[in-house]
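Enquirer: So that we are looking at the same thing, I have put the structure below in structure tokens.
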Amino acid sequence: MTVPIDRTPRIGKAARNEARKAIATTANALSITLLVTLWLQPMLSGRAAGFAGPGALAGFIALQALAHYVLNRVED
1 MTVPIDRTPR IGKAARNEAR KAIATTANAL SITLLVTLWL QPMLSGRAAG FAGPGALAGF
61 IALQALAHYV LNRVED
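The C-terminal residue of the sequence shown carries number 76 in our numbering, and the numbering is unbroken.
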């Protein structure tokens with residue numbers, strides 16, 4: 001029997017799932033913060049946001065897509 005070169009234990013399924021959930025939670029929080037800070041707050045205060053509004057919406061959609069992608073990889 002050959003001895004494995006790397007003797008560090010591999011992380012388990014539960015640890016991988018928790019890491020994925022943490023990444024998805026961070027992406028979700030960042031997307032909501034981006035949307036509120038750059039789009040919703042200027043709109044409600046009556047100031048024009050310019051290109052920040054569409055940029056915030058695009059960032060929100062991208063980060064939400066990342067969160068959904070990561071959560072779809074969670075193992076049962």
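Beta carbons: idealized from backbone N, C-alpha and C, even for Gly.
Note that the structure is a prediction, hence the values are computed from the model and not measured.
Taking 7 Å as the cut-off, decide whether the C-beta atoms of residue 66 and residue 27 are in contact.
Expert: In the sequence shown, residue 66 corresponds to position 66, counting from 1. In the sequence shown, residue 27 corresponds to position 27, counting from 1. Their beta carbons are under 7 Å apart, which means residue 66 touches residue 27 by this criterion.
Enquirer: So residue 35 packs on residue 56, CB below 8 Å; how close in whole Å?
Expert: Residue mapping note: residue 35 aligns to position 35 of the sequence shown, counting from 1. Residue mapping note: residue 56 aligns to position 56 of the sequence shown, counting from 1. 5 Å between Cβ atoms; contact.
Enquirer: In its own chain, which residues sit with a C-beta less than 8 Å from the C-beta of residue 49, not counting the 5 before and 5 after it?
Expert: As a position in the sequence shown, residue 49 is number 49, starting the count at 1. So the list reads 38, 39, 42, 43 and 56, once near-sequence residues are dropped.
Enquirer: For residue 31, which residues in the same chain have their Cβ closer than 6 Å to its Cβ, ignoring the five residues on either side in sequence?
Expert: To locate residue 31, count along the sequence shown from 1; it is residue 31. Closer than 6 Å at Cβ, skipping near neighbours: 60, 63 and 64.
Enquirer: Within this structure, are the beta carbons of residue 70 and residue 29 separated by less than 7 Å?
Expert: By 1-based counting over the sequence shown, the position of residue 70 is 70. By 1-based counting over the sequence shown, the position of residue 29 is 29. No, these two residues do not count as a Cβ contact at 7 Å.
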